[in-house]
Amino acid sequence: MLTIDEIVGEKDLVQLFRTIVRKGEVKFLNRQYIVKRIREFAPLSMEDLEGLYDEDILEELERNRRWSILRRLKRDRK
């Protein structure tokens, strides 16, 4: 894991970012990935859904009967 000092001291941030992504240290979750995991009944954590609480995702959760995740989302939204 990178430290703040390593990031601040780096002169070529673009190359640093490419290296991090290439090594797999950063994982980007997008909407299609989340929908695929919902449909496959793959394990999802609340961190996976962070920032993706929109009506499309909620409808997909309801359509695929992912009730436990829906309950947690609705409880967290209150």
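Take 11 as the starting number for the sequence shown in our numbering and just add one per residue. Just so it is clear, CB atoms sit at the ideal spot from N, CA and C, and this is done for glycine as well. Remember, predicted model here, so these are calculated numbers, not experimental data.
Judged by DSSP in its simplified three-state form, L54 adopts coil rather than helix or strand. Ranked by how close their Cα comes to the Cα of I48, the residues L83, D15, R75 have R75 in first place. Cα atoms of Q25 and G19: separation of roughly 13 angstroms, rounded to the nearest angstrom. One Cα belongs to R85, the other to I44, and the distance between them is close to 20 angstroms.
The residue from D15, D66, N40 with its alpha-carbon nearest to that of E57 is N40.
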